[in-house]
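**Q** One structure coming up, written as structure tokens, with questions to follow.
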Amino acid sequence: MKKFNYTRGVLFLILISTIIRVILAFTLELGREEAYYWTFALYPELSNFDQPPMIGWFIQLFTNNLYFNGEFFIRLASIISGSASLWIVFIIGRRVKGEAAGFYSALLFSLSFYLTVISGVLILPEAPQTLFYLLSLYFLIEGIIQREQNCEESRFICRMALIMAGIFIGMAMLSKFSSILLWLGVFTYAIFYNRGLFKRVELYISFIVSLLFLIPVYIWNFRNSFIGIDYLSGLTHLSQGFCLKTFLQALYIPFLLNNPVNIFIIVVSLNYYRIKHYTTDSYISLLLSLSIPVILVSILFSAFSESFIYAISLGVSPLIFLAGAYITTLVKERARGVLTKSLKYSISLFLLVIVFGTIHIYTGLFNTSFLLKNPDHKIGYNDITIDRFGWRRLSQEFGKIRELDIAMGKISERSYILEFGHKEAAHSDYYLARPNNTIVKSIGTVEQTRKYAWITKKLGGIKIGESAYYIESSRDNFSGLEFGKKHFERVERASVIYIKRMNKPVVRYTIYRFINLLELPVS
Numbered sequence: 001m002k003k004f005n006y007t008r009g010v011l012f013l014i015l016i017s018t019i020i021r022v023i024l025a026f027t028l029e030l031g032r033e034e035a036y037y038w039t040f041a042l043y044p045e046l047s048n049f050d051q052p053p054m055i056g057w058f059i060q061l062f063t064n065n066l067y068f069n070g071e072f073f074i075r076l077a078s079i080i081s082g083s084a085s086l087w088i089v090f091i092i093g094r095r096v097k098g099e100a101a102g103f104y105s106a107l108l109f110s111l112s113f114y115l116t117v118i119s120g121v122l123i124l125p126e127a128p129q130t131l132f133y134l135l136s137l138y139f140l141i142e143g144i145i146q147r148e149q150n151c152e153e154s155r156f157i158c159r160m161a162l163i164m165a166g167i168f169i170g171m172a173m174l175s176k177f178s179s180i181l182l183w184l185g186v187f188t189y190a191i192f193y194n195r196g197l198f199k200r201v202e203l204y205i206s207f208i209v210s211l212l213f214l215i216p217v218y219i220w221n222f223r224n225s226f227i228g229i230d231y232l233s234g235l236t237h238l239s240q241g242f243c244l245k246t247f248l249q250a251l252y253i254p255f256l257l258n259n260p261v262n263i264f265i266i267v268v269s270l271n272y273y274r275i276k277h278y279t280t281d282s283y284i285s286l287l288l289s290l291s292i293p294v295i296l297v298s299i300l301f302s303a304f305s306e307s308f309i310y311a312i313s314l315g316v317s318p319l320i321f322l323a324g325a326y327i328t329t330l331v332k333e334r335a336r337g338v339l340t341k342s343l344k345y346s347i348s349l350f351l352l353v354i355v356f357g358t359i360h361i362y363t364g365l366f367n368t369s370f371l372l373k374n375p376d377h378k379i380g381y382n383d384i385t386i387d388r389f390g391w392r393r394l395s396q397e398f399g400k401i402r403e404l405d406i407a408m409g410k411i412s413e414r415s416y417i418l419e420f421g422h423k424e425a426a427h428s429d430y431y432l433a434r435p436n437n438t439i440v441k442s443i444g445t446v447e448q449t450r451k452y453a454w455i456t457k458k459l460g461g462i463k464i465g466e467s468a469y470y471i472e473s474s475r476d477n478f479s480g481l482e483f484g485k486k487h488f489e490r491v492e493r494a495s496v497i498y499i500k501r502m503n504k505p506v507v508r509y510t511i512y513r514f515i516n517l518l519e520l521p522v523s
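Here it is in structure tokens:
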């Protein structure tokens, strides 16, 4: 029987995964969060109010500074980094227990919705974070677990690898601040398993190097009265009180995002290690140290803030390599019964969710709104897929309305779109404002408008006498209509647009003209 070539296998896996992710990137419209991070490239800064700058730099790099501004090119950074991440997973798995473990680790990685879709398709901070996190993980393993104990060359490589780990941890932190939890894992390992690590100078050099990468964040905050640091520190403030909702979300959201079947395989692999050590103790102690503390701390903070829910998946990632080593052991022992079924279930679940999820976005196949009998129910309120559907059509309709309004003298050509939240502002900016030669300005607190507080200032602020469009969605909890009636001379309804799927309305947009601002709201 011909021996399976695992290197070719993982290259084929990367090809298939990339094709799937390219199709999704071409097919799906940008969500609100994606549009918001697009503004990080549109208005690049050393840092931002709520996130570090790496995602904006990634978008600039892969779109030639937004020269290519379509959804696919904006997501190209995620697609390429996702493919590179799969190869890095293979290399790490190969280091832990040979090429077979590398292949199975990459397979499990590719079947995770978090690691493949959120980090590999959508343009979110998780895309560069995952890439640099995996590079950090690789160099941490190389730097901490020496290949040859009595080889000076191997010791030198270990020292350099540990410093390289600091570089990539720094880049991961520039992608998302939660990456600092990697150091929690390293110090946990040093305390419980390898206290000699504290005697290595390169560990401290690596830690300092990683912090130096945050210099752009320090500079931006210094110039802005440390407002970003105040905001982030507020997210970790336990005095806000325990929130059962976010705590439960921290338990089930990562479970679903990382593929429930994958989680089952990981749990079984950890339990099996008690029976048979399928890899060396040094690998399992390091990978568990980089996993368990991160998961526990993230769950703890998630009980007080929803900002840490996605960080839990960072802690799940190292466990994939243990699962890959476990699968390799079963394959060698020809104990494939349960394993084969589990992998089939994982692949089937992943493909079913991707295929039917995409079908639902464009057809509303699984729409359950007809079950709601409440006459006050807002159309589209419970359908999160509306976030990625209908915006291209809305853009066309808005363009026609604006062009006609200007021609008939109903509104000034210098009018803009007014929004009250950062995500709504970004979505309107990408789909409605830019294609129709206008801009978006925002009103609200810094916490509500975030980067748009600075964007609005750059665009000249909001002035007396200006007129604006306001687009109200039937999905929104907030309505800016009362604000318009209070602060503008008059409010006019320009049009009502229904977005339909399968000839059924799924969301309603009401376009208003806010004419002649009379007074600015009190700050």
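For what it's worth, this note's numbering labels the leading residue of the sequence shown as 1, then goes sequentially. Don't be surprised by glycine CBs; every beta carbon is placed ideally from N, CA and C. In this text, all values refer to a predicted model and were calculated from it rather than measured experimentally.
Which residue's Cα is closest to the Cα of M173: F213, A106 and T18?
**A** Here residue 173 is taken as the residue at index 173 of the sequence shown, counted from 1. It is F213.
**Q** For M528 versus F132, is the C-beta distance shorter than 9 Å?
**A** Limits of the chain in this structure are 1 at one end and 523 at the other, which puts residue 528 out of reach.
**Q** Taking the alpha-carbon of L248 as reference, which of E202, L300 and F207 has the nearest alpha-carbon?
**A** Mapped onto the sequence shown, residue 248 falls at position 248. Checking every option, the nearest Cα to that of L248 belongs to L300.
**Q** Quick check: what's the CA-CA separation for A311 versus S305?
**A** The sequence position of residue 311 within the sequence shown is 311, counting from 1. The sequence position of residue 305 within the sequence shown is 305, counting from 1. Each residue's Cα considered, the two are about 12 Å apart.
**Q** Thinking C-beta only, is F321 closer than 9 Å to S105?
**A** Position 105 of the sequence shown holds residue 105. Position 321 of the sequence shown holds residue 321. Cβ distance < 9 Å, so S105 and F321 count as in contact.
**Q** Tell me the DSSP secondary structure of F389 in three-state form.
**A** Position 389 of the sequence shown, counted from the start, is the residue given in the question as residue 389. In the structure shown, F389 sits in coil (DSSP, three-state: anything other than H, G, I, E or B).
**Q** Given this structure, state the Cα-to-Cα distance separating R524 from T18, to the nearest angstrom.
**A** No answer is possible for residue 524: the residues shown for the chain start at 1 and end at 523.
**Q** Is it the case that the Cβ atoms of F192 and S285 are separated by a distance below 9 Å?
**A** The residue labelled residue 192 in the question sits at position 192 within the sequence shown. The residue labelled residue 285 in the question sits at position 285 within the sequence shown. In this structure, S285 lies closer than 9 Å to F192 by Cβ.
**Q** For the alpha helix (DSSP H) holding A25, just list the boundary residues, first then last.
**A** What you label residue 25 is simply residue 25 of the sequence shown in a count that begins at 1. Taken as a continuous stretch (DSSP letters only), the alpha helix (DSSP H) holding A25 covers Y6 to T27.
**Q** According to DSSP, R513 sits in a beta bridge with which residue or residues?
**A** Here residue 513 refers to the residue found at position 513 when the sequence shown is read from its first residue. Answer is Y469 and E492.
**Q** Look up P505 in the DSSP assignment and say whether it is helix, strand or coil.
**A** Residue mapping note: residue 505 aligns to position 505 of the sequence shown, counting from 1. DSSP, reduced to helix, strand and coil, places P505 within a strand of the structure shown.
**Q** I'd like the list of long-range same chain contacts for P375, defined as Cβ closer than 7 Å, with 5 residues on each side in sequence excluded.
**A** Walking along the sequence shown from the start, residue 375 turns up at place 375. In this prediction, P375 scores a pLDDT of 48, lower than 50, which makes its location untrustworthy; the coordinate-derived value is nonetheless stated afterwards. Taken in chain order, the list of residues that qualify is empty.
**Q** Name the two residues that bound the continuous alpha helix (DSSP H) containing I417.
**A** Start at 1 with the first residue of the sequence shown, and residue 417 comes out as number 417. Note, I417: premise wrong, no alpha helix (DSSP H); beta strand (DSSP E) at Y416 to E419.
**Q** Which residue wins for smallest C-alpha separation from L46, given the options A425, R147, F222 and L66?
**A** Walking along the sequence shown from the start, residue 46 turns up at place 46. It is F222.
**Q** At a cut of 8 Å, does the region 441-457 reach the region 42-60 through at least three beta carbon pairs?
**A** yes
**Q** Given F255, which residues of its chain have a CB within under 8 Å of its CB, disregarding the five upstream and five downstream residues?
**A** One-based indexing of the sequence shown puts residue 255 at position 255. I263, listed in sequence order.
**Q** Pair every Cβ in the region 95-112 with every Cβ in the region 56-66, then say whether three or more of these pairs are closer than 8 Å.
**A** no
**Q** Along the beta strand (DSSP E) that carries S442, what are the first and last residues, could you check?
**A** Your numbering for residue 442 matches position 442 in the sequence shown. That run of the beta strand (DSSP E) goes V440 to S442.
**Q** In or out: K500 buried (at least 16 other Cβ within 10 Å) or exposed?
**A** The residue labelled residue 500 in the question sits at position 500 within the sequence shown. That one is exposed.
**Q** Identify, in the order they occur along the chain, each residue of the same chain with its Cβ nearer than 7 Å to the Cβ of G484, setting aside the five sequence neighbours on each side.
**A** For this step, residue 484 is matched to residue 484 along the sequence shown. For G484, where only same-chain residues beyond five positions count, the Cβ hits under 7 Å are Y470, V491, Y512 and F514.
**Q** Which ranges does the beta strand (DSSP E) cover as unbroken runs of at least 3 residues, wholly within the region 224-292, from first to last along the chain?
**A** none
**Q** Taking only the alpha-carbon atoms, compute the straight-line gap between N516 and I464 and give it to the nearest angstrom.
**A** In the sequence shown, counting from the first residue as 1, residue 516 sits at position 516. In the sequence shown, counting from the first residue as 1, residue 464 sits at position 464. Going by the C-alpha atoms only, they are around 7 Å apart.
**Q** L481 and G315 - do their beta-carbons sit closer together than 9 Å?
**A** Here residue 315 is taken as the residue at index 315 of the sequence shown, counted from 1. Here residue 481 is taken as the residue at index 481 of the sequence shown, counted from 1. Result no, Cβ atoms of G315 and L481 do not sit closer than 9 Å.
**Q** Determine the burial state of L296: buried for a count of at least 16 other Cβ atoms within 10 Å of its Cβ, exposed for fewer.
**A** Mapped onto the sequence shown, residue 296 falls at position 296. Looking at its Cβ environment, which holds fewer than 16 other Cβ atoms inside 10 Å, L296 is exposed.
**Q** Whole angstroms is fine: what's the gap from I141's alpha carbon to Y283's?
**A** Residue 141 sits at position 141 when you count from the first residue of the sequence shown. Residue 283 sits at position 283 when you count from the first residue of the sequence shown. Taking the straight line joining both Cα atoms gives about 8 Å.
**Q** Determine the DSSP secondary structure at I497, reduced to helix, strand or coil.
**A** The residue given as residue 497 occupies position 497 in the sequence shown. Three-state result, I497: strand.
**Q** Could you compute how far the alpha carbon of K3 sits from the alpha carbon of K332?
**A** Here residue 3 refers to the residue found at position 3 when the sequence shown is read from its first residue. Here residue 332 refers to the residue found at position 332 when the sequence shown is read from its first residue. The straight-line gap from Cα to Cα measures roughly 12 Å.
**Q** By alpha-carbon positions, which one of L76, Y6 and G421 ends up nearest to E33?
**A** Counting from one through the sequence shown, the residue named residue 33 turns up at place 33. Ranking the options by Cα distance to E33, first place goes to G421.
**Q** In chain order, which beta strand (DSSP E) runs of at least 3 residues are fully inside the region 76-149?
**A** none
**Q** By how many angstroms is the C-alpha of N382 removed from the C-alpha of T328?
**A** Against the sequence shown, residue 328 aligns to sequence position 328. Against the sequence shown, residue 382 aligns to sequence position 382. Each residue's alpha carbon lies about 43 Å from the other.
**Q** Cα separation between R392 and S428?
**A** Against the sequence shown, residue 392 aligns to sequence position 392. Against the sequence shown, residue 428 aligns to sequence position 428. Going from the Cα of R392 to the Cα of S428 covers about 11 Å.
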